[in-house]
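The end of the sequence shown is residue 543 by our numbering, with every number in the run present.
What follows is a single structure, written as structure tokens, with notes after it.
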Amino acid sequence: MDQPIYNPMDQPVREKVMPVPHMMIRLVRANNTYFVANRGGFKTTMGISLYVVDTVKELPRSTGIICGPTFEHLGDNTLNPLFNSLNEDGFEPGVHYVLGTKPPDTWEKPLIRVDTAKKYDHMISWWNGVNHFLISMQKKGSANGISAQHGVFDEIKLMDEKELNDVVFPVFRGNEKAVITEEGHPNKGMRFYDHPLFMSKFFATDKLADPAHIRWVLNKKQLNDYRKLDIILTLQLELNRLKEEYDGAGINKRQKLKPKIHAIEVRLSNLRRNLTFYVESDHTHTIQILGQRWYDDKVASTRPYELKVAIKNEDPDRPEDGFYPDFDENKHCHELMNDYDANKPLIIAADYQHSVSPIPITQIGKLQGKQKDSLNYIDCIHTLAPQGLEDAVQMLCNKYKLHGRKVVYYIYDHTAKGKRNDAEKYYTIVLNTFRKNRWKVVEVYTGLAPTHFDKYNDTKTWLKNDTGDTMDIYINRNRCCKLIRSITSAPVTMKGGKTEKDKKYENTAKYPNLDQSETTHYSDAFDMINHGVLKLKRVQFSAFGGGGLGFRMY
């Protein structure tokens, strides 16, 4: 009599209640899975753990990796819950796997020989010849000399995509022609290359991170092919039904079901081979398992922003501790169409970098529904390399060609007096380009730039404006989205006990894939305008003959 269709767990049946996102991962089984879950969202116990079991059972004698930010992080945050979950599923240390020690000689040998020089210090060895090397992104040499066919990446919010591509992903190689030879294995005779788990990767993280650092992860959502995912889900559910029918059928019925099952499995294997699946879970899914009291406790003990991002799993809109903690989009942003006045001068500043040339544009005036004048960021213009500062100023002139009073107040500090090789000084480029387009430029030179600590404290005061001693700051949400992103994603660091803006993401060599129009450059120009207008009060409005309001410089 034919044997029942193989159960990948090959363990006593254990009932496991799962939320929908976790079940979707089990049904889709994509070649690349990005599981972005809330804290307490069972990333390891119902995500990583089951993927590891799949690779162990489906690809005997293969080699995998488990990658984390550091070895310490792996030990505390990944391996501990992983081993607890494996134990719940019937996998026992010393019986099914060993960590950090040479496995018993009676166990199967891996297809790729283990370099004994590694001393098994950072390795999980399994009874059927599978190995999992532990890799630390902090010690990049830990990936050297490894050839892997599958891998886990935990807490990828703490990893850099370029470093993964350059340092870790090259280990995915080898065993393309290996064949599953284990007696009784349902895929006996199958090449590793033909298995959907071959060269597969499972990524897991929560979202509580600097938005600029985790954006590469969140962007993976765009890779979802929902039509293909729907097909896979439909086929997998039908396959599950046929297998259940097979297990309860007689000989004749099984002979009819076998080709149907095989046909679906082949089609699923082909669909999954190059598939990426991005999936999220949030607090509602955890409540389904742990109950409402779990969430109520988190509400009572968690800071609002952390609750929003880490527990509810909403996208982060600023670093947990950002340089502009008092900036509130609900308070400081608007979507008014009539905030621009063609009869008033413009106020601008710029940032002087090779990668990006950002120019925020402001005016002083009374917005609709407000009782007093405010400093209004009405627009933002920038260019990215290879275009430069002159191109950005020309774009501004083109866009505001029909501006009624072509007067612009140009605020700049000592950094504008620098220059690149074989080029004019930055402020000269700005002045000449405006004048070439027949704009009157009023120069507002502010001298030496204030320290980051002074900017931090001054901006806190201006954004709060509790006493009403200064003008409020408002930003047009639709025209200044890059400026808003730059402000909300500006991280903070401490030097000498003082708060500074962390400008690490401006390093294009280290972060080549970041959109520099969304890093801290725009916010630097924001600081410069605020400093010139609100602190130095070098630009003020006054009654202006001929209609409307004008400006004078003090």
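We treat Cβ as the ideally placed atom computed from N, Cα and C, and that holds for glycine.
query                                                                                                     : result
Those residues which DSSP pairs with Lys190 across a bridge                                               : Asn21 and Gly140
Cβ-Cβ separation, Leu373 to Ser506 (assumed contact under 8 Å), whole Å                                   : 6 Å
Spatial distance of Glu144 from Gly53 (CA atoms)                                                          : 17 Å
Beta-carbon separation (whole angstroms), Thr547 vs Tyr366, contact threshold 8 Å                         : Past the boundaries of the shown model lies residue 547; the chain is included only from -10 to 543, so the question cannot be answered.
Beta strand (DSSP E) segments (min. 3 residues) lying fully within the region 74 to 138                   : 86 to 88, 112 to 115 and 120 to 125
Environment of Met483 [buried if 16+ CB atoms lie within 10 Å]                                            : exposed
Reduced DSSP category for Asn426 - H, G, I as helix; E, B as strand; rest coil                            : coil
Val42: first and last residue of the uninterrupted alpha helix (DSSP H) it sits in                        : Ser38 to Glu47
Residues sharing a beta bridge with Val156, DSSP                                                          : Its beta-bridge partners do not exist; DSSP assigns none.
Residues near Ser131 in its chain [Cβ-Cβ closer than 7 Å; skip 5 each side]                               : His111, Ile124 and Ser125
For Asp362, the three-state DSSP class (helix, strand or coil)                                            : coil
Classification of Asn120 by the beta-carbon crowding that lies within 10 angstroms, buried from 16 upward : buried
According to DSSP, residues forming a beta bridge with Cys56                                              : Ile124 and Phe142
Assigned secondary structure, Ala198 (DSSP; H/G/I helix, E/B strand, else coil)                           : coil
Burial state of Gly377, where buried means 16 or more other Cβ atoms lie within 10 Å                      : buried
Local conformation of Val382 per DSSP, three classes                                                      : helix
Nearest neighbour of His272, chosen from Glu309, Arg282, Phe266 and Val522 [CA to CA]                     : Arg282
Cα-Cα separation, Thr291 to Lys249                                                                        : 52 Å
Minimum C-alpha distance to Gly457 - residue among Ile240, Lys361, Val481 and Tyr389                      : Lys361
6 Å Cβ shell around Leu16 - same chain, five flanking residues per side excluded                          : Leu222 and Gln225
Alpha-carbon spacing of Tyr313 relative to Asp455, whole angstroms                                        : 16 Å
Identity of the residue in Glu269, Cys470 and Phe142 nearest Ile37 by Cα                                  : Phe142
Asn117 and Val45 closer than 8 Å at C-beta                                                                : yes
Close Cβ partners of Asp368 (< 6 Å) along its chain, the five nearest in sequence each way excluded       : Ile350 and Arg468
Whole-angstrom C-beta distance between Thr450 and Asp402, which should lie under 8 Å                      : Not quite, the Cβ-Cβ distance comes to about 20 Å (not below 8 Å), so this is no contact.
Residue ranges of each beta strand (DSSP E) within the region 274 to 359, 3 or longer                     : 335 to 337 and 345 to 354
Close beta carbons around Asp380, own chain, < 8 Å, minus the five adjacent residues each side            : Ser346 and Thr372
Tyr416, DSSP secondary structure in three states                                                          : helix
Bounding residues of the beta strand (DSSP E) (the contiguous stretch that carries Tyr401)                : Val396 to Tyr401
Pro308 vs Asp199 beta-carbon contact at 8 Å                                                               : yes
For Asp461, the first and last residue of its enclosing beta strand (DSSP E)                              : Asp461 to Asn465
Status (buried if at least 16 other CB within 10 Å, exposed otherwise) for Leu302                         : The question names Leu, yet the displayed sequence has Asn at residue 302. Classification for Asn302: buried.
Spatial distance of Leu75 from Ile462 (CA atoms)                                                          : 55 Å
As assigned by DSSP and simplified to three states, the class of Leu373                                   : strand
Beta bridge counterpart(s) of Val433 as assigned by DSSP                                                  : Ile400
Bridge-paired residues (DSSP) for Arg180                                                                  : Val168
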